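In what follows, a single structure is set out as structure tokens and then discussed.
Numbering (this note's numbering), first residue to last: 1 to 446.
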């Protein structure tokens with residue numbers, strides 16, 4: 001469907017955003033909650049708009065009005081001259097949690113704001129950072145050193161520990177910013193976090209050569225931390241209980257298909273009563289008012305339909321590229337970039353970015369952000385897939401003889417056909433917050 005938007009071009013060929021184009025971009029970026037709130041406001045303000053309860057009625061209504069004479073006249077009016085301006089506007093600004101975004105302006109210079117917005121737009125529902133530094137660098141084109149610098153500032157915003165890559169990192173950041181003596185608590189989290197439930201106070205006393213009171217004090221400190229920083233907020237955007245998928249991927253026999261979650265996106269149509277009044281009234285003022293509202297309603301319905309079709313097109317590419325993931329899990333996730341998807345659906349990469357922002361996909365393997373599916377990789381395996389394999393092999397290793405990075409490299413080459421250097425294995429392992437083989441051997445004695 002060809003969605004036309006308002007745009008003005010000055011003589012010097014500068015692209016100027018009009019209110020309608022700004023709104024179209026926002027509609028595509030909106031989360032389901034934001035879209036629902038916006039549409040509820042529009043329904044209150046525009047009497048010619050109404051909400052359809054049944055999908056079949058909505059589709060029939062939509063088709064009727066697309067084919068109506070009034071719709072064609074609106075489509076061919078002044079809006080019709082502005083084709084594809086929505087696609088050509090590439091200044092992507094991700095939608096972000098308001099609380100975090102407001103703090104960015106206090107800690108980051110203007111040159112780093114876009115990077116900061118990208119980072120806090122890449123959090124999962126627990127407030128942890130999804131992509132690695134390397135993946136952010138590849139996606140944004142920014143220097144990894146700068147990304148680390150910006151990330152460290154964000155991690156010390158309120159809530160402290162937000163955008164940590166692991167729960168362990170979130171706890172350590174919180175301990176570092178707390179007042180008082182936290183040295184023992186930091187040592188315990190650093191050295192024994194993954195085994196903490198198995199350790200007695202007696203073992204901790206012996207390991208760190210401290211008193212029982214000191215151990216209890218440190219454990220109390222740890223107990224009062226927030227392992228999932230986003231849980232501090234009651235905001236619906238941050239509650240996992242309130243997250244509903246935008247896209248649901250289902251299986252019919254051997255084939256997967258995608259559908260939009262209709263429960264969180266109202267279906268709009270034209271109110272027949274006001275439509276009839278617009279066509280038949282002899283009062284010029286009433287006719288003028290209703291024509292204006294009708295034009296706005298048709299534009300909004302078309303914009304929502306464009307959003308719907310864009311999400312489905314992206315989802316269908318994900319299904320075609322990630323069938324093994326859908327069948328077997330994260331280990332089988334393949335590398336995929338937004339540019340590849342954009343090329344396949346014949347849209348601009350920025351449109352894919354906007355559409356993917358704050359969207360969730362329910363799959364047979366669980367609920368994921370749409371951006372989870374866009375990742376770099378090696379030998380036709382995504383970074384997430386490689387990390388899952390490394391974690392699996394380490395979990396299965398002999399705890400008395402843990403695998404070195406060289407050994408892991410050899411195993412992945414021989415067993416999985418993935419050729420990675422020892423150094424690359426170490427980078428993936430560190431991003432997972434998994435200690436070296438020497439440290440893992442110490443854990444057994446911990």
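Each residue gets a CB set at the ideal place from its N, CA and C atoms; glycine is no exception. Just so it is clear, the structure is predicted and the values come from calculations on it, not from any experiment.
- When only Cα atoms are considered, residue 34 and residue 268 end up about 16 Å apart.
- Under the three-pair Cβ rule at 8 Å, the segment 380 to 399 counts as touching the segment 409 to 420.
- Burial state of residue 135 is buried, judged by a 10 Å Cβ sphere holding 16 or more other Cβ atoms.
- Residue 339 sits exposed, since fewer than 16 C-beta atoms from the chains shown fall within 10 Å of its C-beta.
- Distances from the CA of residue 407 to each of 187, 398, 422, 182 were compared; the closest alpha carbon is that of 422.
- Annotated as proximal: residue 259 and residue 250, with beta-carbon spacing under 8 Å.
- Taking a C-beta distance under 8 Å as the contact criterion, residue 186 and residue 175 qualify as a contact pair.
- Proximity of the segment 267 to 282 to the segment 343 to 359 falls short of the contact definition, fewer than three beta-carbon pairs being nearer than 8 Å.
- Judged by DSSP secondary structure, residue 339 falls outside any beta strand (DSSP E) and instead within the alpha helix (DSSP H) spanning 338 to 345.
- Rounded to the nearest angstrom, the Cβ distance from residue 431 to residue 404 is 18 Å, too far for a contact under 8 Å.
- Boundaries of the beta strand (DSSP E) harbouring residue 257: 255 to 260, taken from the DSSP string.
- Within a 10 Å sphere around the beta-carbon of residue 22 sit fewer than 16 other beta-carbons, which makes this residue exposed.
- Shown here, residue 433 sits in coil according to DSSP, grouped into three states, outside any helix or strand.
- In this structure, the CA atom of residue 370 is about 33 Å from the CA atom of residue 224.
- Bounds of the beta strand (DSSP E) holding residue 268 are 267 to 270.
- According to DSSP, residue 361 shares a beta bridge with 247, 368.
- With a cut-off of 8 Å on Cβ pairs, the segment 106 to 117 is in contact with the segment 146 to 155, counting three or more such pairs.
- Taking C-beta separations shorter than 6 Å and ignoring five residues to either side along the sequence, the partners of residue 362 in its chain run 245, 248, following chain order.
- Looking at 326, 327, 356, the one whose alpha-carbon comes closest to that of residue 337 is 356.
- The three-state secondary structure of residue 50, taken from DSSP, is strand.
- Under the three-state reduction of DSSP output, residue 157 falls in the coil class, being neither helix nor strand.
- The beta carbons of residue 303 and residue 27 sit closer together than 8 Å.
- For residue 117, the enclosing alpha helix (DSSP H) starts and ends at 110 to 120.
- No Cβ-Cβ contact shorter than 8 Å links residue 298 with residue 317.
- Listed in chain order, the non-local C-beta contacts of residue 166 below 6 Å within the same chain comprise 433, local neighbours out to five positions each way being set aside.
- Contact between residue 119 and residue 129 is confirmed by a C-beta separation of about 7 Å, below the 8 Å threshold.
- Checking the DSSP bridge columns, you'll see residue 123 partnered with 129.
- The beta carbon of residue 216 sits closer than 8 Å to those of 201, all from its chain and outside the five residues before and after it, given in chain order.
- For residue 282, no alpha helix (DSSP H) encloses it, and the DSSP letter there is neither H nor E.
- Here the C-alpha atom of residue 257 lies approximately 7 Å from the C-alpha atom of residue 319.
- Measuring C-alpha to C-alpha distances from residue 296 to each of 37, 47, 30, 36 identifies 47 as the nearest.
- With at least 16 other beta carbons inside 10 angstroms of its own, residue 160 counts as buried.
- In terms of CA proximity to residue 387, 409 leads the group 43, 409, 190, 292.
- In the structure shown, residue 405 adopts helical secondary structure according to DSSP, grouped into three states.
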